[in-house]
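*Asks:* Below you'll find the structure I mean.
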Amino acid sequence: MKQKNSLLRGLLFISVWAISLIMFAQNISVNGTVTDTGGDPLIGVTVQVQGSTIGTVTDMDGRFTLQNVSRDAVLVISYVGMKTEIVPVEGRSQIAVVLTDDAEVLDELVVVGYGEQRRREITGSVTNVTAENFNRGVARDAADLLQGRVAGLMITTPSGDVTEGSNIRLRGVSTLQNDQGPFIVIDGVPGGDLQSVAPQDIESISVLKDASSAAIYGSRSAGGVILITTKRGSATKPRVSYDGYFAVSSIANKPDLLTADEWRAYAKETGKDPSVYDKYGASTDWFDEITRNGTSQNHSLSLSGGGSGNNYRASFNYQKREGVVHDNDMDRYNFRFQLQQRAINDRLRIGLTGSATMRDFNRPNRYNFVLAYNMLPVYPVKLEDGEWFDTREYDQGNPVRNQQLNQDHWKNVHYYGSGDILFNLTEDLDIKTMLYKERRTEERNQYNHSETQAGRNDGGYALRENRVWDKNLMEWLLDYNKEFGTTGQHRFNAMAGYSWEENEFSYMKAANRNFTTDLMGANNLESGQGLRPSDVGSSRNMSRLISFFARTHYSYMSRYMVTATLRRDGSSKFGANNKWGLFPSVSAAWGIAEEAFMDDVNWIDDLKLRVGYGVTGNQSGLDPYKTLQL
């Protein structure tokens, strides 16, 4: 009986093994080329096996290779600006694909200042990047989605500090003060913060790069404008989506310093007393002691859906990041919701949006890098009795002790809500109003331990700071759109609006020194004995901005286009005799590719000639009360 069971098991194993070989043999390698209608190879085309993770991109010659592909697989071939092709493999090992231009891409609506325009009819320098073309992988904020995607947009990371956002410059320095990056607008709300929106919630980003397109934002547009549109719900069944990643970061190039043995040899060669450097018998890599491989993780969960007269979307995002130094980390929580209700045969639209962001983080003391650089490798982190090693040579301190005993903790809470109503007065005329409320609070608790280099002279130093930003906004818009002519070849748009914005900022701080104990940190300021007049302070300021703006746009057959904008800003930051600024712009474009004489020119996909002029301004560097006379 046992022999029979063994025989059956052997036959079963051989059968499974044979079937596996047969199934594997059915998979093939697929080679192919992707060209345009003119026969030119396309570089960087995405070739994906439908329903799997197998994929690649075409090389310089438009060629691609896929390994271990099922004979009945289906390839999805996509490229920006061209129609996506679905190609069955059908057992073929060689496949040639021709992609055609996607006219819908040129006809899709692109978000511009206070409205939308067809891509082919834009007269200014505007780049629009949709979610399908965002950078994949780890994204600290929305700026990382655009890295390398927009010509002239320079995005840099100032340091390895995970609490810092990206530095953004558009077409270089555009102001005398060199203090203004692009103006951020999120879902039509000016003055947005990239940290307040999770990258997974963004649908598209438009970058207004020249003065003719950015002038509609007047006195805050000198550095260009970035318009962020977040994802919305659609009329579908409830849909739950999850997105997440885990990553590790490390220092790419550490300084090449002497090891303990090399330092002892150097000391011996230069005639130094070796007993000083052999006293502790230590071998310490100080950079290794204060650094680490930082991990980061991101989890995003969303729920969206809707019906015939409404849609909704809610999302939650959690991001945890560790810096490459031990005293640097951040936890970020984003919650966002959007509701939209339509009524009166879709003539009335009511929308509600809310968002809350909380960041809890520790900022590093960068001076610890200087200390680690200067500390000798023959010094230990701790002595044999467990006490921290310290040397007053060059007024140095132990960087590892600084990291573990000092604290610089921050907590930032940012929340806002908006409501908008759009009503279709006539077939061609809409009126829209929006109300917006925002508050951001920031709390800092800093403590320098009395045993560390930073706090020893003060007997311990504690600082608490609180900042509060409040913002109120109201906008009214009238938008007129009209197509006329026998085939709608004439297209005209006119928009006019009014905006009122109020910003208020308050600040308070308290500090003290000379504490009897370090156990309470910054949580017991009154126990300090070293209070100075400069240790207590507060401030408050308020500013208002009133704006009138308008835009007109005309297009004939998407071939000849002209756009003009005008904005008048009145700011409380400006001087008494110069409260108002005028910011006009005009631009025109000729869609050469739409002309009849271009029909036979297959090697050009799109060709447009643009010319524009605009006036932009910068009030970001002005203190609200700087122009007041006493």
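Under the numbering used here, the letters of the sequence shown match residues 182 to 811, in that order. Just so it is clear, CB atoms sit at the ideal spot from N, CA and C, and this is done for glycine as well. This structure is a prediction, so every number in the text was calculated from the model and none was measured.
(1) Considering only residues of the same chain and omitting the five flanking positions on each side of E289, which have a CB-CB separation below 6 Å?
(2) What first and last residue would you give for the alpha helix (DSSP H) that runs through E470?
(3) Since I believe I407 is in contact with V388 (beta carbons under 8 Å), could you give me their beta-carbon distance rounded to a whole number of angstroms?
(4) Among L557, T214, S496, which one has its Cα closest to the Cα of P419?
(5) Below 7 Å, is the gap between the Cβ of V278 and the nearest heavy atom of the ligand PLP?
(6) Can you give me the C-alpha to C-alpha distance between Q627 and V307, rounded to a whole angstrom?
(7) Measure the alpha-carbon distance for A206 versus T337 and round it to whole angstroms.
(8) Going by the beta-carbon positions, is the gap between P580 and F570 smaller than 8 Å?
(9) Give me whichever residues DSSP pairs with W771 in a beta bridge.
(10) Return the chain-ordered ranges of every beta strand (DSSP E) run that is complete within the segment 375 to 434 and spans a minimum of 3 residues.
(11) Three or more C-beta pairs under 8 Å: does that hold for the segment 336 to 353 against the segment 437 to 448?
(12) Under a Cβ-count criterion, where at least 16 other Cβ atoms within 10 Å of its own Cβ denotes burial, should F696 be classed as buried or exposed?
(13) Contact between the segment 421 to 430 and the segment 480 to 494 is defined here as three or more beta-carbon pairs at a separation below 8 Å; is this criterion met?
(14) Who are T476's beta bridge partners in DSSP?
(15) Put K449 into one of helix, strand or coil per three-state DSSP.
(16) For the beta strand (DSSP E) containing L584, list its first residue and its last residue.
(17) Name the DSSP beta bridge partners of Q298, please?
(18) Once the 5 residues before and after N693 are set aside, which same chain residues still bring their CB inside 7 Å of it?
(19) Quick one: what does DSSP say W444 is sitting in, helix, strand or coil?
(20) Is any beta-carbon of chain C found at less than 8 Å from that of W650?
(21) When you compare only the Cα positions, how much space is there between D804 and K754?
(22) Is DSSP giving V559 helix, strand or coil here?
(23) Mind checking which residues open and close the beta strand (DSSP E) that includes S210?
(24) Straight-line CA distance for F518 to G487?
(25) Could you say which of F665, G236, V268, S766 lies nearest to S736 if we only look at CA atoms?
(26) State the start and end residues of the unbroken alpha helix (DSSP H) segment that holds A324.
(27) Give the single residue among V250, G220, T607, G219 whose Cα lies nearest to the Cα of N212.
(28) Buried or exposed for R317, please, with buried defined as at least 16 other CB atoms from any protein chain shown within 10 angstroms of its CB.
*Replies:* On the basis of the data shown:
(1) By 1-based counting over the sequence shown, the position of residue 289 is 108. Closer than 6 Å at the Cβ level, and outside the excluded window around E289, lie R300.
(2) Against the sequence shown, residue 470 aligns to sequence position 289. Segment 467 to 471, the alpha helix (DSSP H) holding E470.
(3) Taking the first residue of the sequence shown as position 1, residue 388 is located at position 207. Taking the first residue of the sequence shown as position 1, residue 407 is located at position 226. That pair is a contact at about 6 Å.
(4) Locating residue 419 in the sequence shown gives position 238, where the first residue counts as 1. Closest by alpha carbon: S496.
(5) As for the ligand PLP, it is missing from this structure, which has no ligand bound.
(6) Position 446 of the sequence shown, counted from the start, is the residue given in the question as residue 627. Position 126 of the sequence shown, counted from the start, is the residue given in the question as residue 307. Spanning the two alpha carbons is a distance of roughly 44 Å.
(7) Reading the sequence shown from its first residue, position 25 is the one you call residue 206. Reading the sequence shown from its first residue, position 156 is the one you call residue 337. Caution is warranted here: a pLDDT of 45 is assigned to A206, below 50, making its placement in the model unreliable, and the coordinate value is therefore given only provisionally. Each residue's alpha carbon lies about 49 Å from the other.
(8) The residue given as residue 580 occupies position 399 in the sequence shown. The residue given as residue 570 occupies position 389 in the sequence shown. Against a cut-off of 8 Å, the Cβ pair of F570 and P580 comes out as no contact.
(9) What you label residue 771 is simply residue 590 of the sequence shown in a count that begins at 1. W771 pairs with Y741, L790.
(10) 383 to 389, 406 to 411, 420 to 430
(11) A contact between stretches requires three or more CB pairs, one per stretch, nearer than 8 Å, and the segment 336 to 353 fails this requirement with the segment 437 to 448.
(12) The residue given as residue 696 occupies position 515 in the sequence shown. Classification of F696: buried, given that the 10 Å Cβ count is 16 or more.
(13) yes
(14) In the sequence shown, residue 476 corresponds to position 295, counting from 1. DSSP, once it has assigned bridges, lists V429 as partnering T476.
(15) Taking the sequence shown and counting its residues from 1, the one referred to as residue 449 is at position 268. Reduced to three states, the DSSP call for K449 is helix.
(16) Numbered from 1 along the sequence shown, position 403 holds the residue referred to as residue 584. According to the sequence displayed, residue 584 carries Gln and not Leu. Unbroken run through Q584 is the alpha helix (DSSP H), 580 to 586; no beta strand (DSSP E).
(17) Here residue 298 corresponds to residue number 117 of the sequence shown, with the count starting at 1. According to DSSP, Q298 bridges with V291.
(18) Taking the first residue of the sequence shown as position 1, residue 693 is located at position 512. Closer than 7 Å at Cβ, skipping near neighbours: A643, L706, G709, G711, L712, D716.
(19) Here residue 444 refers to the residue found at position 263 of the sequence shown. Three-state DSSP puts W444 in a helix.
(20) Note that chain C does not occur in the displayed structure, where there is just one protein chain.
(21) Mapped onto the sequence shown, residue 804 falls at position 623. Mapped onto the sequence shown, residue 754 falls at position 573. Near 7 Å, if we compare the C-alpha coordinates of K754 and D804.
(22) On the sequence shown, residue 559 is found 378 positions in, with the first residue counted as 1. In the structure shown, V559 sits in coil (DSSP, three-state: anything other than H, G, I, E or B).
(23) Within the sequence shown, residue 210 is the residue found at index 29, counting from 1. Per DSSP, S210 belongs to the beta strand (DSSP E) from 208 to 217.
(24) Walking along the sequence shown from the start, residue 518 turns up at place 337. Walking along the sequence shown from the start, residue 487 turns up at place 306. About 13 Å.
(25) Counting from 1 along the sequence shown, the entry for residue 736 is found at position 555. Ranking the options by Cα distance to S736, first place goes to F665.
(26) As a first step, residue 324 is located in the sequence shown; it is residue number 143 there, counting from the start. From DSSP, the alpha helix (DSSP H) with A324 extends over 323 to 326.
(27) As a working mapping, residue 212 is identified with position 31 in the sequence shown. Out of V250, G220, T607, G219, V250 has the C-alpha closest to the C-alpha of N212.
(28) To locate residue 317, count along the sequence shown from 1; it is residue 136. Exposed.
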